[in-house]
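Asks: Structure in structure tokens, see below.
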Amino acid sequence: KQEVTQIPAALSVPEGENLVLNCSFTDSAIYNLQWFRQDPGKGLTSLLLIQSSQREQTSGRLNASLDKSSGRSTLYIAASQPGDSATYLCAVRSLNDYKLSFGAGTTVTVRA
Amino acid sequence: GAGVSQSPSNKVTEKGKDVELRCDPISGHTALYWYRQRLGQGLEFLIYFQGNSAPDKSGLPSDRFSAERTGESVSTLTIQRTQQEDSAVYLCASTLGVGYNEQFFGPGTRLTVL
């Protein structure tokens, strides 16, 4: 069974600082890894999707890396803004499976 | 086009009552998923549909939970004889097809069982 862990559980930084969010998974036989953002009382917004053959994906201020062999992914958010305050979820799709296995999330607060 | 929609957005019910939660996937998306998010916990997979059939029901927590999908579109998750531990946000997601990667999520239904 795929287990996904996110560290830290919560993070508070001043505006402008770079954010580093970590995700680890136990089974390296994955199809892809997806990072989501969840705002309070809202659904999930997909941020980045990394295929198992890729090392990283970038979108604007967001960059996600994937080291499949060590079971790790890192989400970097450059020059954080108060609007980046949310919970960030990492989800893994294992090979021969269709569902996503989620971590518990990292709750980020960016202080103005 | 419109994203995944879910209704109701909030549902408060009494213990022992039945509830129905609805999901409208993105038009043309053949795969549909239900997940549950209990307070302070990660998302748990419940059930997956490909077309109108459900090849994976492994996540349904008990026989009080059932789901159906019709017309390769709308899906309904039914919880019978609700219990307090059923209180959670129920999220629906859809993808273009089983081979397609990105899952698009709806806003969820917050279920509170008193």
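Protein chains in written order, with my numbering: chain F, 36 to 147; chain B, 44 to 157. Every residue gets a Cβ at the ideal spot worked out from N, C-alpha and C, and that includes glycine. All figures in this text were calculated on a predicted structure; none of them were measured in a lab.
1) Could you tell me whether the Cβ of Asn95 (chain B) comes closer than 7 Å to any Cβ of chain F?
2) For the stretch 145–155 of chain B against the stretch 55–71 of chain B, do three or more pairs of beta-carbon atoms, one drawn from each stretch, fall closer than 8 Å, so that the two count as touching?
3) Give every residue of the same chain whose Cβ lies closer than 6 Å to the Cβ of Leu110 (chain F), excluding the five residues on either side of it in the sequence, and list them in chain order.
4) Taking just the CA atoms, how far does Lys60 (chain B) sit from Gly118 (chain F)?
5) Using a Cβ-Cβ cutoff of less than 7 Å, which residues in the same chain neighbour Lys100 (chain B) once the five nearest sequence positions on both sides are dropped?
6) Just checking, does the stretch 76–90 of chain B make contact with the stretch 126–137 of chain F on the three C-beta pairs under 8 Å criterion?
7) Can you give me the C-alpha to C-alpha distance between Leu68 (chain F) and Glu38 (chain F), rounded to a whole angstrom?
8) Show which residues of chain F have a CB atom less than 9 Å away from the CB atom of Ala74 (chain B).
9) Which chain F residues are close to Tyr91 (chain B), counting only those with a beta carbon under 7 Å from its beta carbon?
10) Assess contact between the stretch 73–82 of chain F and the stretch 121–135 of chain F, defined as three or more Cβ pairs (one per stretch) separated by less than 8 Å. Is contact present?
11) Verify the CB distance criterion: does Pro68 (chain B) have a CB-CB separation below 7 Å to chain F?
Replies: So, to answer that:
1) As a working mapping, residue 95 (chain B) is identified with position 52 in the second sequence. So, not an interface residue.
2) yes
3) If you number the first sequence from 1, residue 110 (chain F) lands on position 75. Contacts found: Leu56, Trp70, Ala99.
4) As a working mapping, residue 118 (chain F) is identified with position 83 in the first sequence. As a working mapping, residue 60 (chain B) is identified with position 17 in the second sequence. C-alpha separation (whole angstroms): 40 Å.
5) Position 57 of the second sequence, counted from the first residue, corresponds to residue 100 (chain B). Same-chain partners within the cutoff: Ile90.
6) yes
7) Start at 1 with the first residue of the first sequence, and residue 68 (chain F) comes out as number 33. Start at 1 with the first residue of the first sequence, and residue 38 (chain F) comes out as number 3. In a straight line, the C-alpha of Leu68 (chain F) is about 13 Å away from that of Glu38 (chain F).
8) The count along the second sequence starts at 1 and reaches residue 74 (chain B) at position 31. Near Ala74 (chain B) (Cβ distances below 9 Å), the residues of chain F are Tyr133.
9) Numbered from 1 along the second sequence, position 48 holds the residue referred to as residue 91 (chain B). Those within 7 Å of Tyr91 (chain B) in chain F are Tyr133, Lys134.
10) yes
11) Working through the second sequence from its first residue, we reach residue 68 (chain B) at position 25. Output row for Pro68 (chain B): interface = no.
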